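Working notes, beginning with the structure itself.
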Amino acid sequence: YCKVNNKTNYCYFNEDVQREFVDNISLLNDVKGAITKHEFTLNYQLIEDTKKGKFHSAESLIRWNHPERGNVPPMNFIPVVENTSLILDITDYVIDEALRQKSVWNNMGLKIPKISINISAKSFRSADLVSIINNKLKEYDIDSNELILELTETGFVEDLDDIKRNIIELKRLGVEIAIDDFGTGYSSLARLKDLQIDYLKLDRTFIMSIDTDDSSRKVVISVIQLAKALGLKIIAEGIETKEQYDLLLELGCENAQGFYIHRPASAMEIEKLGKVVS
Ligand code: C2E
Ligand code: MG
Ligand code: MG
Ligand code: MG
239 YCKVNNKTNY CYFNEDVQRE FVDNISLLND VKGAITKHEF TLNYQLIEDT
289 KKGKFHSAES LIRWNHPERG NVPPMNFIPV VENTSLILDI TDYVIDEALR
339 QKSVWNNMGL KIPKISINIS AKSFRSADLV SIINNKLKEY DIDSNELILE
389 LTETGFVEDL DDIKRNIIEL KRLGVEIAID DFGTGYSSLA RLKDLQIDYL
439 KLDRTFIMSI DTDDSSRKVV ISVIQLAKAL GLKIIAEGIE TKEQYDLLLE
489 LGCENAQGFY IHRPASAMEI EKLGKVVS
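Mapping of the sequence shown onto full-length UniProt numbering: position 92 corresponds to residue 330, and the numbering continues sequentially without gaps.
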């Protein structure tokens, strides 16, 4: 059936699409069982408050240890799962596990003021999100101002009404909101200010070339200035070198994240830093 007009390219294309489709179905099947089989865990990446020279927060990042595939990076399954209701189960797991871990750290006296959780747009629109968050904060005895929810800027386009409603209720609870991967979408800063967004996470693509590319640096400078004028705080993502770090400090960036500061690490590794962070 592939030999139509001898267009073998189309044939390969179709097979690729079909294989991807089948792969995705088997991936989704595996995700279904992964939660109950405890194949998901969370890593944490420490974010520095550059003014205080202390840690500002830890971002929770999901890890999947698949019995046959090994470690599957989130970029290889989150985008597939995001189109299905399975993402709601993953979000439930991540909220529970991150807040449980935060309560353990609070009891240990670790000085990591806040924890952040990535919430995909579908979950951010969910009518249950606010009550789930509220219940988990109570269950683990965590103050709402210890929690930051991250929503990617590109998720900030469809069904905005539901997202806005949840943001308003979360802000009322005292939870902070961050716009992740900022600069990759098309949101207006004035709109974000209206919504009382707390943080803009400057996307890694700008930081990568900040010390080598003039236009990247100009974008970062103007975003930082405009954010400051509007009272939004900045977190720079993906800082890998001292040069990038020093330049961002000079530009007045309040919070720094990236391999140069700290790599994502297991909860146990973070706890071993106890003396550093407490
Ligand atoms: P993100 O939220 O923008 O997370 C930052 C990503 O950049 C992480 O990749 C982190 O390991 C990586 N990173 C941090 N510093 C550096 C650096 O200096 N250099 C480089 N090259 N990379 C750096 P990771 O853990 O693979 O996660 C990728 C994305 O998957 C996340 O991007 C987020 O969008 C999504 N994700 C991760 N965990 C979750 C989760 O629990 N729920 C949801 N919905 N999405 C998640
Ligand atoms: Mg994030
Ligand atoms: Mg990010
Ligand atoms: Mg990013």
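For glycine and all other residues, C-beta sits at the position ideal for the given N, C-alpha and C. All values derive from a computational prediction rather than experimental measurement.
Cut-off 8 Å between Cβ atoms - residues of its own chain near residue 287, not counting five sequence neighbours on either side: Answer for residue 287: 293, 294, 492 and 493, listed in chain order.
Under 7 Å from any heavy atom of ligand 1, does the C-beta of residue 260 make it? The beta carbon of residue 260 sits no closer than 7 Å to any heavy atom of ligand 1.
With a threshold of 7 Å (Cβ to nearest heavy atom), would residue 436 be considered close to ligand 3? no
Say yes only if the C-beta of residue 471 is nearer than 7 Å to one or more non-hydrogen atoms of ligand 5, and no if none qualify. Ligands present in the displayed structure are limited to ligand 1, ligand 2, ligand 3 and ligand 4, and ligand 5 is not among them.
For a test of your reading of the model: does the CB of residue 533 fall under 7 Å from any non-hydrogen atom of ligand 1? Yes or no. The question about residue 533 has no answer here: the residues shown for the chain are numbered 239 through 516.
In whole angstroms, give me the CA-to-CA distance for residue 237 and residue 466. This structure cannot speak to residue 237, because the chain is shown only from 239 to 516.
Classify residue 458 as buried or exposed, calling it buried when 16 or more other Cβ atoms lie within 10 Å of its own Cβ. buried
Between the C-alpha atoms of residue 479 and residue 253, what's the straight-line distance to the nearest angstrom? Going from the Cα of residue 479 to the Cα of residue 253 covers about 42 Å.
Let me know the secondary structure DSSP gives residue 308 once reduced to three states. Residue 308: strand per DSSP, three-state reduction.
Nearest to residue 333 by alpha carbon, out of 280, 320 and 497? 280
C-alpha distance - residue 245 paired with residue 257, whole-angstrom precision: Caution applies to residue 245, whose pLDDT of 48 falls short of 50 and renders its modelled position unreliable; the value that the coordinates give is listed next. Taking the straight line joining both Cα atoms gives about 19 Å.
Per-residue DSSP class, three states only, for residue 222: A query on residue 222 cannot be resolved here, the shown segment of the chain reaching from 239 to 516 and no further.
How far does the beta strand (DSSP E) with residue 277 in it extend, from its first residue to its last? It is not in any beta strand (DSSP E) - residue 277 carries neither H nor E in the DSSP assignment.
Rounded to a whole number of angstroms, what is the C-alpha to C-alpha distance between residue 366 and residue 347? 31 Å
For residue 326 and residue 534, believed in contact at Cβ under 8 Å, the rounded distance: Here the chain comprises residues numbered 239 to 516, so residue 534 is not present and cannot be evaluated.
Does the distance from the CB of residue 452 to the CB of residue 439 come in under 8 Å? no
By Cβ distance below 8 Å, which residues in the same chain neighbour residue 320 in space, the five residues on each side in sequence not counted? The residues are 358, 359 and 360.
With H, G and I counted as helix, E and B as strand and the rest as coil, what does DSSP make of residue 415? strand
Residue 393 to residue 381 span [Cα, whole Å]: 27 Å
Which residues in the same chain as residue 425 place their Cβ atom closer than 6 Å to its Cβ, once the five residues preceding and following it in sequence are excluded? Taken in chain order, the residues that qualify are 391 and 394.
Could you pull the DSSP bridge partners for residue 390 from this structure? Per DSSP, 418.
Under a Cβ-count criterion, where at least 16 other Cβ atoms within 10 Å of its own Cβ denotes burial, should residue 411 be classed as buried or exposed? By the neighbour-count criterion, in which 16 or more other beta carbons inside 10 Å mark a residue as buried, residue 411 falls on the exposed side.
Exposed or buried, which one is residue 460 when buried takes at least 16 other CB atoms within 10 Å? Classification of residue 460: exposed, given that the 10 Å Cβ count is below 16.
Residue 353 (DSSP reduced to helix, strand or coil): strand
At which residues does the beta strand (DSSP E) containing residue 438 begin and terminate? 437-440
According to DSSP, is residue 498 helix, strand or coil? coil
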